[in-house]
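K.L.:
Just so you know, the sequence shown maps onto residues -39 to -1, 1 to 436 in mature numbering (1 follows the signal peptide of the UniProt record, and there is no 0). Here it is, the structure, as structure tokens.
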Amino acid sequence: MINTSPRRRHRVWSALAAVATVGLTATTALVLSSGTAQAASTLGASAAESGRYFGAAVAGNRLSEAGYANTLAAEFNSVVAENAMKWDATEPNPGQFNFSGGDQIVNWAQARNMKVRGHTLVWHAQQPGWVQNLTGQNLRNAMLNHIAGVANHYEGKVFAWDVVNEAFEWDGSRRQSNLQTQLGNGWIEEAFRAADAADPNARLCYNDYGTDAINSKSTAIYNMVRDFKARGVPIDCVGFQSHLASNENLSSYQANLQRFADLGVAVEITELDVGQGSGQAATYETVTRACMAVSRCTGITVWGVTDKYSWRDDNPLLFDGNYQKKPAYHSVLAALNNGNPGGGGDSGQLRGAGSNRCLDVPNQSTTNGTQLQIYDCWTGANQQWTYANGEISVYSGTTRKCLDASGGGTANGTAAIIWSCHGGANQRWNVNSNGSITNAASGLCLDVAGASTANGAKVQLWSCTGAANQRWSFV
Ligand code: G3I
């Protein structure tokens, strides 16, 4: 429908531009003072710098808790109602709509210039009892009337709707819900056409889980979207819920997003959460990087603000129960910032992807010329790096030292050392979206010699290969 509905397309991109403006306003001071784009320090502002949003699912009854509300307002620029806009909440009795829960969230968000996603118009779960017992044309009429009532009410207030949620099985067949068995294969198309009629400007999405790889389920959805686009059925985006395990295999995650984007729809990460475990931060980072790498990936929503109120019991979110930022928070922020031109502003340990060990100054030395190594990550000052204004530095005050290409070397094997900061090109670095760190003087990559993963392995510069011993992330 993007092709046939210029009115919608205009609104969608205007909304994105508005978010970008908010983000740029927030960072104007930094931009003016340095003359280069700076990394933002919150998830929402950072995402906005590339025209994206970073949102969270919200329960209205938590908004009165200061830690919850403050974290949500400070860090996110988009919200979605975790439950308040579902069918059971919005139409508890036939034709009697109740928008109080959804309106509370919309009003709260609008007062803070935050965007609102709509979730979800039609789903097999959380249907009110009266719907569950309907058959045939009565169910069809109820579905169409529900879509019209809810989408009309929120017209102009939500930028996107999950029109249909979770209609496919793992094997790619249609879920045998009451909607499928009573209404037949055409019900999804009917739902999208009804949503388009009710709110022609909202971005209309199909949303599902278990679509995190190129697999039977995602391929079935892909085929449906391709068919919809070919026949002019109004679909604008696909939501990837991304409820993940910490050791999830995401090897085809980005390629999967990209193949949908190539159909001419936006893609959105709609319900991201990742189970606790040693891979939690890295998994979040992989998802964020994937979105940043796909130009039609318009934003990320995590499914909750704090572990304390997650629907899962394995602490899957970015803030712990005390609203403290977890390592996963830092890896997401770094991934958002690294996707921005001119990035910087990251700090923390620099973890090597190949070794899972950290960039380390041996023996906590502060001596100019000390060559760096990788070592088990720990909290010592000799592993705390700050990326700002192109420099990557360690320690502070009079002992502050910069990551330096020894002797200004531009040959493979040049040692990566610490040296007093002087602003030279051999001390300026680009932290790239693919995880590589390149030296401004030589273009060479920060590299663990011999692709070693051992404690004490030397760090040097080498021609960029994209391999794991040249990929780093701030944690
Ligand atoms: O608020 C009532 C409470 O008054 C009552 O006593 C209690 C009894 O069980 O239920 C409470 O409502 C619960 C509601 O969450 C609010 O906490 C419901 O039982 C419970 O079923 C509901 O769960 C929600 C679930 O969707 C419903 O299937 C989760 O919060 C929500 O996170 C989850 O979100 C879904 C997405 O919509 C779709 N994708 C998957 C995702 C996770 O399951």
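C-beta atoms are modelled at their ideal positions from N, C-alpha and C, and glycine is treated no differently. Every value quoted in this text rests on a predicted model; they were computed, and no experiment measured them.
Put Gly29 into one of helix, strand or coil per three-state DSSP.
P.N.:
The residue asked about is misnamed: residue 29 is Tyr in this sequence, not Gly. Correct three-state label for Tyr29: helix.
K.L.:
Which class does Gly303 belong to by DSSP, given the choice of helix, strand or coil?
P.N.:
Note that Gly303 has pLDDT 40, beneath the 50 cutoff, so the model's placement of it is unreliable and no number is given.
K.L.:
Out of curiosity, what's the CA-to-CA distance linking Arg361 and Ala372?
P.N.:
26 Å
K.L.:
Which class does Ser213 belong to by DSSP, given the choice of helix, strand or coil?
P.N.:
coil
K.L.:
For ligand 1, is there any heavy atom lying closer than 6 Å to the beta carbon of Ala418?
P.N.:
no
K.L.:
Between the beta-carbon of Asp49 and the beta-carbon of Gln87, is there less than 7 Å?
P.N.:
A distance below 7 Å separates the beta carbons of Asp49 and Gln87.
K.L.:
Out of Gly236, His204 and Val199, state which residue places its alpha-carbon closest to the alpha-carbon of Gln219.
P.N.:
Val199
K.L.:
Ala42: beta carbon under 6 Å from a heavy atom of ligand 1?
P.N.:
no
K.L.:
What are the boundary residues of the alpha helix (DSSP H) that includes Asn102?
P.N.:
Gly97 to His114
K.L.:
What residue range does the beta strand (DSSP E) around Ile261 cover?
P.N.:
Cys258 to Val263 is the span of the beta strand (DSSP E), which, as asked, contains Ile261.
K.L.:
Quick one: is Pro53 buried, meaning 16 or more other Cβ sit within 10 Å of its Cβ, or exposed?
P.N.:
exposed
K.L.:
Output the distance between the C-alpha atoms of Ser424 and Cys406, rounded to the nearest integer angstrom.
P.N.:
6 Å
K.L.:
Could you give the residue range of the beta strand (DSSP E) that holds Ser354?
P.N.:
Glu352 to Val355
K.L.:
Can you determine whether any heavy atom of ligand 1 sits closer than 6 Å to the C-beta of Ala86, and answer yes or no?
P.N.:
yes
K.L.:
Compute the distance between the beta-carbons of Thr3 and Glu36, then report whether it is under 7 Å.
P.N.:
It is a contact, given that the beta carbons lie within the stated cut-off.
K.L.:
Please work out which residues of its chain come closer than 8 Å, Cβ to Cβ, to Thr390, disregarding the five sequence neighbours upstream and downstream, and give them in chain order.
P.N.:
Note on identity: in this sequence residue 390 is Trp, with Thr being the wrong assignment. For Trp390, where only same-chain residues beyond five positions count, the Cβ hits under 8 Å are Tyr348, Gly351, Glu352, Ile353, Leu364, Ile398, Thr399, Asn400, Ala401 and Leu407.
K.L.:
Any chance you could list the alpha helix (DSSP H) runs of at least 4 consecutive residues sitting entirely within the stretch 210 to 249, in chain order?
P.N.:
214 to 222
K.L.:
Mind pulling the alpha helix (DSSP H) runs of 4 or more residues that sit fully within the stretch 272 to 357?
P.N.:
288 to 299
K.L.:
Between the Cα of Ala109 and the Cα atoms of Gly56, Arg13 and Gln285, which residue gives the shortest distance?
P.N.:
Of all alpha-carbon atoms in Gly56, Arg13 and Gln285, the one lying nearest the alpha-carbon of Ala109 is that of Gly56.
K.L.:
Return yes when at least one heavy atom of ligand 1 lies under 6 Å from the C-beta of Trp272, else no.
P.N.:
yes
K.L.:
Please classify Ser134: is it buried, with 16 or more other beta-carbons within 10 angstroms of its beta-carbon, or exposed?
P.N.:
exposed
K.L.:
Classify Val420 as buried or exposed, calling it buried when 16 or more other Cβ atoms lie within 10 Å of its own Cβ.
P.N.:
buried
K.L.:
Whole angstroms is fine: what's the gap from Ala429's alpha carbon to Val355's?
P.N.:
Using only the alpha carbons, I get a separation of about 23 Å.
K.L.:
What first and last residue would you give for the beta strand (DSSP E) that runs through Ser39?
P.N.:
Ser39 to Ala42
K.L.:
Output needed for Ala(-14): all residues of its chain with C-beta closer than 6 Å, excluding positions within five of it in sequence on either side, in chain order.
P.N.:
Model confidence at Ala(-14) stands at a pLDDT of 36, short of 50, so the residue's coordinates are unreliable; what they give is reported in the following sentence. Closer than 6 Å at the Cβ level, and outside the excluded window around Ala(-14), lie Ala6.
K.L.:
Please determine, among Asp173, Arg192 and Ile230, the residue with the shortest C-alpha to C-alpha distance to Ala206.
P.N.:
Each of Asp173, Arg192 and Ile230 was checked against the Cα of Ala206, and the nearest Cα belongs to Asp173.
K.L.:
Put Phe153 into one of helix, strand or coil per three-state DSSP.
P.N.:
helix
K.L.:
Report all residues from its chain with a CB closer than 7 Å to the CB of Tyr270; omit the five preceding and five following residues, and keep chain order.
P.N.:
Ala20 and Arg23
K.L.:
Hey, how far is the Cα of Asn299 from the Cα of Val293?
P.N.:
Going by the C-alpha atoms only, they are around 10 Å apart.
K.L.:
Hey, Asp307 and Phe435 are a contact pair by Cβ (cut 8 Å); roughly how many whole angstroms apart?
P.N.:
Confirmed, about 4 Å.
K.L.:
With a 10 Å radius around its C-beta and 16 neighbouring C-beta atoms as the bar for buried, classify Asp234 as buried or exposed.
P.N.:
buried
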